[in-house]
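Structure first, then comments.
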Amino acid sequence: DGKLVVVEKNMEETKEVEASIMKELGMPCFIKASRSGSSVGCYRCDKEEDLMAKLEEAAKYDTHIVVEECVDCIELETAVLGNDDIIVSRVGQIMPHGEFYTFESKYEDAESKTCIPAKVIQEQIRKYAVRAFKAIDGHGLSRVDFFLDKKTNNIYLNEINTLPGFTSISMYPQLMEDLGYSYSELLDKLIEIADEN
147 DGKLVVVEKN
157 MEETKEVEAS
167 IMKELGMPCF
177 IKASRSGSSV
187 GCYRCDKEED
197 LMAKLEEAAK
207 YDTHIVVEEC
217 VDCIELETAV
227 LGNDDIIVSR
237 VGQIMPHGEF
247 YTFESKYEDA
257 ESKTCIPAKV
267 IQEQIRKYAV
277 RAFKAIDGHG
287 LSRVDFFLDK
297 KTNNIYLNEI
307 NTLPGFTSIS
317 MYPQLMEDLG
327 YSYSELLDKL
337 IEIADEN
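Taking the numbering used here, the leading residue of the sequence shown gets 147, the next gets one more, and so forth.
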């Protein structure tokens, strides 16, 4: 109905949107259209006076909006494949050119880079990826994304993308190619996995 309501940690609703976000997260924060892809409807907010405008902009893409604490981090991604016998790629690193990995930096900015494998602790993140995939009863494929806090080395699950990008520059097929699956072999494997259900 055009009204913004915050669902807080205890699952109660409040219409005090700005006050709730400032109390829980402060600035800067990230505002994301929950079910959008390719960072469409995703904004970094550095000033309280910009908060409502960016929330309203994100609301053009989804009725559910996620507001997250801003973490100074390294962005990491894994590719998960399978139903019961799950395989997981090595961890890849996103190196966006600019403030964060926007739609433009993903698809239009040649200075944004990816690195496979990432120069981070691989095994712990790979284990977390499998746990996250199993936690949502994942089947087929997912790209599981993490943040590695630069100051504390804490690992945060960012998101599970159950329909990851599949273009020639998308991270999922690149990660699977690093694991030994060519693009056509990956498609064959996905068809095989789909037939298992």
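We put the beta carbon where it would ideally sit given N, CA and C, even for glycine.
Reduced DSSP secondary structure (H/G/I, E/B, other) of residue i
i: Phe279; result: helix
i: Ala225; result: strand
i: Leu309; result: coil
i: Glu214; result: strand
i: Arg289; result: strand
i: Arg272; result: helix
i: Leu325; result: coil
i: Lys259; result: strand
i: Tyr318; result: helix
i: Glu338; result: helix
i: Asp295; result: strand
i: Glu154; result: coil
Short Cβ contact (8 angstroms threshold) for residue i with residue j
i: Lys259; j: Met241; result: yes
i: Glu331; j: Asn229; result: no
i: Ile271; j: Ile301; result: yes
i: Asn307; j: Ser328; result: no
i: Glu195; j: Met317; result: no
i: Ser184; j: Gly311; result: yes
Integer Cβ distance of residue i from residue j, believed to fall under 8 angstroms
i: Lys178; j: Cys188; result: 5 angstroms
i: Leu303; j: Phe292; result: 6 angstroms
Chain-order list of residues whose beta-carbon lies under 7 angstroms from that of residue i (same chain, five-residue window excluded)
i: Lys297; result: Asp218
i: Ile282; result: Ile306
i: Leu171; result: Val213, Glu215
Nonlocal neighbours in the same chain, by C-beta distance under 6 angstroms from residue i, ignoring five residues either side
i: Val213; result: Ile167, Cys175, Ile177
i: Gly286; result: Ile339
i: Val163; result: Leu150, Val152
Other residues of its chain near residue i: CB distance less than 8 angstroms, five sequence neighbours each side excluded
i: Leu325; result: Ala225, Ile233, Ser235, Arg236
i: Met322; result: Ala225, Leu227, Ser235, Leu332
i: Lys200; result: Ile177, Tyr189, Cys191
i: Ser346; result: Examination of residue 346 is not possible in this model, given that the chain is present from 147 through 343 alone.
- Query: Quick one: complete beta strand (DSSP E) runs, 3+ long, within the stretch 161-185?
  - Reply: 175-179
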